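Residue numbers (my numbering), protein chains in the order written: chain G, 260 to 693; chain W, 270 to 537; chain B, 2 to 570. Every residue gets a Cβ at the ideal spot worked out from N, C-alpha and C, and that includes glycine. Please read these numbers as outputs of a predicted model, since none were measured by experiment. To start, the structure itself, in structure tokens.
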Amino acid sequence: MKDASCISCDVAVIGAGMAGMAAALFAAQRGLRCVQIGNGGSLLFASGLLDLLGVYPVAERRLWRSPYEALALLAREQAEHPMARLAVASIRSAFESFVTALASAGLRYAPLGEFNRKVLTSIGTVKTTFGVPRSMIAGAAALEARPPCLLVDFRGLREFSARQIVATLGERWPGLRHQRIEFPGAESAPELYAAHLARALESRLMRERTINLVKPLLGDARAVGFPAVLGLARAGEVHAAFEEALGMPVFEIPTMPTSVPGLRLLGALETAVSKLGVRRRHQASVRALVFSAGAGPATLELDGAQGGERVVARAVVLATGRFTGRGLTAYRGQVRESILGLPVHQPDSRETWHQRDFLDPSGHAINRAGLEIDSAWRPLDAAGRPAWPRLFAAGSILAHQDWMRAKCGSGLAIATAWGAVEQVARQLRRVGAG
Amino acid sequence: MKYALFLGCKIPSRLPAYELSARAVLGRLGVTLVDLEFDCCGYPARNVSRDAFVLSAARNLALAERAGLDVLAPCTCCFGTLRHAIRFLHEDAELRLRVKQALAAERLTWSGNTAVEHLLPLLAREIGADTLAAAVCAPRTGLRVAAQYGCHALRPSNVARMDNPMAPTIFETLIRATGATPVDWPRRLDCCGDPLHEANGPLAASMTRGKISDALESGAQAICTVCPHCHLRFDAVPAGAADPAIPVLLYTQLLGLALGLSAKSLGL
Amino acid sequence: MSQALFQTALYASLALCALGLVWRASAWFLVRIGPDVREITFSERVAAVYRGTIAALFSRDLLGLAGAFFLDVLLLRRLFAHEKLRWFGHLLVLVGFTLLLSMHALAPLVTANLFQGYQPTLAPYLLLRDLCGAMVLAGVAMIYFGRRRPQPGLAQPRRPLGMVFIALLGFVLLTGFLLEGHKIASPRAFQRMTERYVGYSDAQELEPLRALWASEFAVAFDHLKAPIDPGLVAQGRKLHSDACASCHARPESAFVSFPVARMLAPVTGLLDAARADVWLLYLHVFACFLGLASLPFTRLFHAVAVPLSLLVNAAATNRGYSSAGRAVQRALALDACVRCGICDARCSVAPLARNLGNAGLLPSHKLIASAALANGRLLRPGRESDALRAADGAFLCTDCGRCTSSCPAGLDLEDLWQAARGDLVAAGLPAPAHWVQERPALDWAESLGSGCGLHAFSDADAACAPLSADRNSFSRCVQCQTCTNVCPVVAHSIEKADGVDLTPQKVMNLLRLGLRDLALGSRMVWDCATCYQCQEICPERVRVTDIMCELRALAVQRLGAVRGTRGRS
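And the structure:
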């Protein structure tokens, strides 16, 4: 009987949020044998919109039309910000690679271009973002031109109300109307869930029935908005079918997380890394991480079923996120990195974690806590040296950024993953050569 | 390669073609199959008693251990159940003790050394999809096939450990090896409905119909299965019925045909 | 033996046997097993059997039928496949008994007509009779010692008067051998024979013959003990060849009775005085009559039912059964089963039966329960727990078919189980998924006496449902709805207003709120397809599906305990 519980690889990516998925994707694209640990659940909270950098400086809440101009300013003023460590060209490449991979996995984005875009949210507010899925892009155009427009929602889908969006935006967008329809075949269901509708609409029959319900309601509308339920794995096809049948631009508005766009993003990323041969360990977490001295590998002990598993990796990327991703753990007086106990840049005392005012525009110090890294994206130990020569970090676990307020979540994840993986490849070449 | 063949209950009684074709194909590929006096994997007892389910599974594992063999379970549900039992035995020391005592009464031991394997990884990794492709002499070119993984082949992934549970590729790779074309169908990872067929017939039927329609709409000419439960589920819909129907083919039959084995030797 | 008494007894036992057979056979046309045959009447069944018989006898199927008769009935092919020792035992009994019956018991009708000059005391009949008797004895011993041990820790199925039949058979053989042995050794018999065939009245003149019979025919004369004068013996030989030899061979070849005669020698005088030859004959004959009369009521009845069942199977193989034919076949199966236990030993769920302590999972017990259900006994007051256990067992069967394929009587047990499950459902004893959902979840929670559903977890609960008992396993749930969004059961329920009552995420919430008992009877828990989509994707890694499975097991135990007889019709 064989011992199948030990696998070896070039790089082990710990974490499966946006940064972890991006790191695994970029590593595999570079031909590195990759093992990725962690379930992609946190991606379900994503809206499918890919922010790059929307707000800078955070304290001034200044919105930018061009994320690249904002990045340039950020690089000049906040050199320690993780995104300041990358050339703008690298960030462009990272985003292009990322959306190209998503497209090949069936999730298409509108061409990225140079500028941020404004899109509608499910509560009628406007969100500034950068990468917009094809199924939502017509909404950005409609929001700009404000033509007569119909918003459709479904009775029973509690997380999305077209009426509320119209109530919020109606004064500024006079041609905006809303209609509520019954989802075909679900007339008696008390409650509906977005993903079930999305799956149902992948069947041609259900699509036709729904379209037939919408057609008589169009009136003078020149664009139609739906909650983001137009297909799951076949979203592109479903969206195209709606546009063709209704004869006008159709757009989706992301619903509250966890949403169908989140499921699509997760599905597309998993498909992308799976096609590139990344070995995924979804329901596992790292129990212990041990490094050997010199050029030797790292050993990861995974928990999970059947007595655990061991991964031997030449390099490790830590993309475990901050508190919600459990990359960082807050103890009584101190924050520590969860797996290795690495030192964390943080406020001096717990009293200074948060501002007195929770809604203080400049944010809270604890939201800029994280790992300090060297120029090669390697987390530092207490002595300020790389904790291990081939341990790298990416994503929100890095210090000196407040991605939520800066509207740079995806940007931070994708860009730092790109940077870290670039260094992984360089370091592995060096070890291989030496 | 040598395995103890765990056929379970469904294959011998309802789908002997699976046994026939699996033996034919694996025999051709040089895999030795040993028959042991296995009993039920324990699945039906999962809804009744955890101890009874784990014990029944562990007894089978102990029989394989006594023979010094790993287990090959062509039935995906048996595969999942046996591996679930291993998980529960690993994580619950008291349960482990109770099971060990019960096994000792039959002079059996379980020490956790028996691996439980499924046909898909055996073919794709141990033997290798490339080796299969090289052995194919009658490629099924032009046949568009929808791969039906079966839930327990993939999930939970830390129990099944077969492939990425959200985006598996192993079955499609194996279909490609036969010369056939795997189709991409949105509901490929969904449940076939069989587990509910006694508890809630209409619901189960609705799930099956949904999958068949999806496969047809995605351009599949047949659904390819590696589990007797899934297979019989799809096969139960007669062609020409009001419900959509689609031919069902076991992967071992598809591969056997591609390897040039006779239809009769594959139970076709 | 008095001819009148003999005939009266014979005809009485024949009549009893015939009545018994009619009574047993009537059950095949009356007993209803399975909802599909409930409407089938007695006359429809009779007609079906009649049509089937005619069709089988006057078609090409006759060949198949003959083959089945030869291979299955006479050579016991199916038993041979599974139990060699018992097969050999059965074969010995079958051959020995048939020969004894026809050649010995019915000798005046059969043997005497077949063989010129037949005398039971001549060679080779002495040898053959004992050989047949010994075959039957050895066969019975093989069957007995080759029997299956009951499953460890489980009750043995009740067997239909098995020991009565074996005791009767043994008694017939024992009295037979004793009778023959005694007659060999008996001076009184010698005397009776010489009076009849030699005609000498003078005792002295017969002395040489006595000497010969004492030394070579084992007659136990008190005064003629070894060593016997060889001269005297030689003198007797002349008389012997004149008067006796035509009917009497030397008895050594009766290899059982001859040693018995030797053993009885010391007490032969006493036995003669007590007229043992008379009462041993009575015992022997009347035991045979008793066996005949009791045939329909003891286990020996399988000698009638099994061949019939095998032949009906063979006749129906090509045509399949009509519903009426199936009804007969199911009822016949109840009689053909002798609880040999081969199926129990091969049963796939026997390990489950042992661990659950419920023999009701095993085929032989299921068959008994089917019969008890068919005649209504299982539903009588006082047998509620038996009925519930039978239902628990019936619905855990995996239909693996190993019982059917191993049944030496060739019974279609899978069909029987399916029919019996239908009967159980009709009797208000369905599978857990159904009986749990007969009442709303809230109703169950109230039955548990836990009011709003709060119920402390006992150690036993924690052992059978450790995840549901441990807050850490579900308290991470953030109610994000992902589990519900990926649930195919909820997705397919949107077409129905009464689809599922809860969603997976709501079940998790009940656990978080300590309202576990409210979840136990919920439709979501019981309609879960265990596809593991929710567990795989849960961002907080809550083992949703594993918990669903646990809740079902917990429900079966907890709700089963308060279920009582409610819902039974």
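Can you pull the chain B residues whose beta carbon is under 7 angstroms from the beta carbon of residue i, in chain order?
| i | result |
| --- | --- |
| G:A445 | I495, E496 |
On the CB-based measure, 16 or more other CB atoms within 10 Å of its CB, does residue i come out buried or exposed?
| i | result |
| --- | --- |
| B:P267 | exposed |
| B:N473 | exposed |
| B:C344 | buried |
| B:G118 | exposed |
| G:R581 | buried |
| B:V137 | buried |
| B:F396 | buried |
| B:T269 | buried |
| G:A329 | buried |
| B:H224 | exposed |
| W:W379 | buried |
| B:N314 | buried |
| G:C667 | buried |
| B:R567 | The predicted model places B:R567 with a pLDDT of 46, which falls under 50 and marks its position as unreliable, so this point remains unresolved. |
So residue i contacts chain B; which residues on that side make the cut at Cβ distance below 9 angstroms?
| i | result |
| --- | --- |
| G:T517 | C481, Q482, T483, N486, P540 |
| G:N471 | Those within 9 angstroms of G:N471 in chain B number zero; the least Cβ separation is about 18 angstroms. |
| W:P313 | V350, L353, F396, L397, C398, T399 |
| W:G479 | P489, A492, H493 |
| W:E467 | F396, A432, A434, H435 |
Among the residues of its own chain, which have a CB less than 8 angstroms from the CB of residue i, if the five just before and after it don't count?
| i | result |
| --- | --- |
| G:A543 | I296, G297, L561, D562, G563, E568 |
| B:D37 | S324, R327, A420, G423 |
| G:M507 | L477, A480, R481, A482, V483 |
| W:A286 | L519, Q522, L535, G536, L537 |
Look at the alpha carbon of residue i and the alpha carbon of residue j, and state the distance between them as a whole number of angstroms.
| i | j | result |
| --- | --- | --- |
| B:D547 | B:A470 | 12 angstroms |
| G:A531 | B:E447 | 51 angstroms |
| G:L548 | G:V571 | 10 angstroms |
| B:L300 | B:S27 | The sequence shown places Arg at residue 300 of chain B, not Leu. Approximately 18 angstroms, taken between the alpha carbons. |
| W:A403 | W:A527 | 11 angstroms |
| B:L17 | B:S216 | 47 angstroms |
| W:Y272 | W:L537 | 25 angstroms |
| G:I396 | G:G383 | 16 angstroms |
| W:G525 | W:S290 | 7 angstroms |
| B:C550 | B:A520 | 12 angstroms |
| W:V414 | W:C344 | 20 angstroms |
| B:G237 | B:E208 | 8 angstroms |
Can you list the residues of chain G that residue i reaches, using a CB-CB cut of under 8 angstroms?
| i | result |
| --- | --- |
| B:V491 | Y452, H455 |
| B:E537 | N298, H541, Q542 |
Give me, in chain order, the residues of the same chain whose beta-carbon lies closer than 7 angstroms to that of residue i; leave out the 5 immediate sequence neighbours on both sides.
| i | result |
| --- | --- |
| G:I632 | P638, L639, A652, L657 |
| B:V437 | G522, W527, A556, L560 |
| B:S407 | H83, I343, C344, R347 |
| W:V405 | A446, T447, G448, A527, L528 |
| W:E288 | L276, I280, P281 |
| W:A327 | A354, L358, V368, L372, W379 |
Applying a beta-carbon distance threshold of less than 7 angstroms, which residues of chain W neighbour residue i?
| i | result |
| --- | --- |
| G:T359 | By Cβ distance, chain W contributes nothing, its closest Cβ being about 17 angstroms from G:T359, past 7 angstroms. |
Chain W partners of residue i, CB-CB under 9 angstroms?
| i | result |
| --- | --- |
| B:T112 | The contacting residues do not exist; B:T112 stays about 49 angstroms from chain W at best. |
What residues from chain G crowd round residue i, counting only those whose CB sits closer than 9 angstroms?
| i | result |
| --- | --- |
| W:A436 | A364, G526, A527, L528, E529, T530, A531, V532, S533, K534, R539 |
Give a yes or no on contact between the region 470-477 of chain W and the region 436-445 of chain W, applying the rule of three or more CB pairs nearer than 8 angstroms. no
May I ask you to verify whether the region 353-368 of chain B touches the region 149-166 of chain B, counting CB pairs closer than 8 angstroms and requiring at least 3? yes
If contact is defined by three or more beta carbon pairs under 8 angstroms, each pair taking one atom from either stretch, is the region 530-544 of chain B in contact with the region 416-433 of chain W? yes
Can we say the region 514-523 of chain W touches the region 473-488 of chain W, given the rule of at least three CB pairs closer than 8 angstroms? yes
Below 8 angstroms, can you find three or more Cβ-Cβ pairs linking the region 459-473 of chain G to the region 440-450 of chain G? yes
Is it a yes or a no for the region 485-498 of chain G touching the region 321-328 of chain G, going by three-plus beta-carbon pairs under 8 angstroms? no
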